[in-house]
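With this note's numbering as the guide, the letters of the sequence shown map in order to residues 50 to 408. This report refers to the structure that appears directly beneath it.
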Amino acid sequence: MTRSVTIQLALFCIICFSGICQVKQESPLPFRDKDLVYFDYHSKTIDEDYTIYIHFPPGYDTTKTAYPVLYLTDGDWNMTVAMNCFNMLRQDYPTTEALLVGIGYGSRSNKRNRDLNPADGGPKFLSFIKDEVIPFVNSRYRVTKEKGLYGYSYGGIFTTYVLFQEANLFDQIYIGAPGNNGSLLVPSARTYFSKNTTLKTKIFAGVGSFETENVKNIGLFKNYLDSNKKAGLQIFTAVAPNAGHGAALAQVMQSGIKYVYCLTHQSIATPPSGALKKYEGTYGTDDAKSKAIHVFIENGELYFREGGGNALHLIPFEKDGFFMVENEGLSFRFTTENGRQYFVVDFPAEKDIRLPKTK
């Protein structure tokens, strides 16, 4: 196969509906025993045993890279969900890998109703994480100072508590479908900001659409934080469609992990059609076996298609730079060199594909 044909296939195999087979994209890796370890840990703070789960990111055993850490409450089940979220997301997005640390109970009696309740064992559980688990992980594994804490349901109540009780402990806080319907989100924020002016934390809050009271309170929480514009604070929310408390768990976690660890583009206003007109045309090579790429304007938006394939929407994110939501691992640029215009496809960690304008 000639290089030009290979270029065309590599470019347009990214979309399953484009009529061409899958792009050069690694299949999800199966989990290996050595990637996940777990052990009992006796907490001096609580004087009870817990099960700690550690999942190593790809490449941990072959590089000297240090990784950020994502701590998960309810580690007995959240751990495998998080592992699968990373495994799937990295297929479509450039992803920052993380060391996953789950805190659970193993075969012992589950005491989440106590440990994740700020009015009961929550303060001690927070001390256990802060004074024992984090120092243990820092001393034992190759990690950076960056760390996040994820919680869902009772765990979402707990992470809300941690966010405002220990504001500088975590760089990211994930609040998943808090079990009290999010009733304490805005009151907790108001109390905190009555005494503080900054909150340098990236916050994610998500819930299933069927939990209408929770959806409302998370929306009010975001509006309150956005309207007060506190220094250093970032918040993103997500509502999992057609999902209740249980069915939304994986969707909410995936949205949160994507927000923090995946590279996504921020769209900008689409230039007027007159400004887009300079991109229109046919791009490709002189090889007769290669299909031409047609760039065109439709309803004021820029599209491209390969041969007679489906039209794919190009969304602007910078001057002369575009992306498409179907695969944000790629970006597209239009450039002019020596009087000739090119359609350039940027592949992560690979050589760009440059297609000259032919007409």
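For each residue, glycine too, the CB sits at the ideal point set by N, CA and C.
Measuring only the C-alpha atoms, how far is residue i from residue j?
i, j, result
"T129", "F345", "44 Å"
"T209", "T100", "23 Å"
"D369", "G388", "16 Å"
"K251", "H343", "41 Å"
"A337", "K400", "Bear in mind that a pLDDT of 49 at A337, under 50, signals an unreliable position, so the model cannot answer this."
"N217", "K194", "12 Å"
"F66", "L361", "Low per-residue confidence applies at F66: pLDDT is 34, beneath 50, and the placement is therefore not dependable enough to give any value."
"I402", "D395", "7 Å"
"Q74", "L119", "Low per-residue confidence applies at Q74: pLDDT is 43, beneath 50, and the placement is therefore not dependable, though the value from the model is reported in the following sentence. Between Q74 and L119, the C-alpha separation is close to 26 Å."
"D220", "Y199", "11 Å"
"P227", "G257", "11 Å"
"Y190", "V211", "24 Å"
"T111", "N133", "21 Å"
"S76", "G330", "The predicted model places S76 with a pLDDT of 47, which falls under 50 and marks its position as unreliable; any figure quoted below should be read in that light. Each residue's Cα considered, the two are about 34 Å apart."
"G333", "K340", "7 Å"
"T261", "V288", "10 Å"
"K83", "E181", "24 Å"
"P405", "Y391", "4 Å"
"A299", "N127", "9 Å"
"Y87", "K196", "20 Å"
"L325", "G155", "58 Å"
"Q71", "T384", "Only weak support exists for where Q71 lies, its pLDDT of 33 falling under 50; the value from the coordinates is given anyway. The straight-line gap from Cα to Cα measures roughly 27 Å."
"N229", "E375", "36 Å"
"E350", "S322", "7 Å"
"T319", "T246", "36 Å"
"A297", "D123", "16 Å"
"L85", "G231", "33 Å"
"S380", "V301", "26 Å"
"F371", "I364", "5 Å"
Is residue i near residue j, with beta carbons less than 7 Å apart?
i, j, result
"Y422", "L165", "The chain is shown only over 50 to 408; residue 422 falls outside these bounds and no answer can be derived."
"D125", "G170", "no"
"P106", "Y116", "yes"
"G268", "G225", "no"
"F253", "G305", "yes"
"H104", "L149", "yes"
"E386", "H314", "no"
"G281", "K249", "yes"
Where does the unbroken beta strand (DSSP E) through residue i begin, and where does it stop?
i, result
"L119", "Y116 to L121"
"Q140", "Q140 -> no beta strand (DSSP E), and no H or E assigned at all."
"F185", "Premise fails: F185 lies in the alpha helix (DSSP H), I183 to R189, not in any beta strand (DSSP E)."
"L379", "Note, L379: premise wrong, no beta strand (DSSP E); not H, not E."
"V393", "R389 to D395"
"F372", "G370 to F372"
"I95", "Note, I95: premise wrong, no beta strand (DSSP E); not H, not E."
"F259", "It is not in any beta strand (DSSP E) - F259 carries neither H nor E in the DSSP assignment."
"L312", "It is not in any beta strand (DSSP E) - L312 carries neither H nor E in the DSSP assignment."
Return the first residue and the last residue of the alpha helix (DSSP H) that residue i is part of.
i, result
"P172", "G171 to F177"
"K279", "Careful: K279 lies outside any alpha helix (DSSP H) and carries neither H nor E."
"L248", "Taken as a continuous stretch (DSSP letters only), L248 belongs to no alpha helix (DSSP H), as it is neither H nor E."
"L351", "Unbroken run through L351 is the beta strand (DSSP E), E350 to E355; no alpha helix (DSSP H)."
"S92", "Unbroken run through S92 is the beta strand (DSSP E), L85 to S92; no alpha helix (DSSP H)."
"L212", "Y203 to Q214"
For residue i, list the residues DSSP reports as bridge partners.
i, result
"F221", "One detail in the question is off: residue 221 reads as Gln in this sequence, not Phe. Partner(s): G197 and K251."
"Y332", "I342 and K406"
"I103", "V86 and V150"
"I284", "I252"
"L165", "DSSP, once it has assigned bridges, lists no residue as partnering L165."
Hey, does residue i have any beta-carbon neighbour from chain C nearer than 7 Å?
i, result
"Y201", "Annotation note: the requested chain C is absent from the structure, which comprises a single protein chain."
With a threshold of 8 Å, are at least 3 pairs of Cβ atoms found where one atom belongs to the segment 87 to 107 and the other to the segment 157 to 177?
Between the segment 87 to 107 and the segment 157 to 177 there are three or more C-beta pairs closer than 8 Å, enough to call the two in contact.
With a threshold of 8 Å, are at least 3 pairs of Cβ atoms found where one atom belongs to the segment 263 to 275 and the other to the segment 229 to 243?
Note that the segment 263 to 275 touches the segment 229 to 243; at least 3 beta-carbon pairs, one per stretch, sit closer than 8 Å.
Can at least three beta-carbon pairs, one atom from the segment 128 to 147 and one from the segment 309 to 316, be found at a separation below 8 Å?
Contact between the segment 128 to 147 and the segment 309 to 316 is established, with three or more Cβ pairs separated by less than 8 Å.
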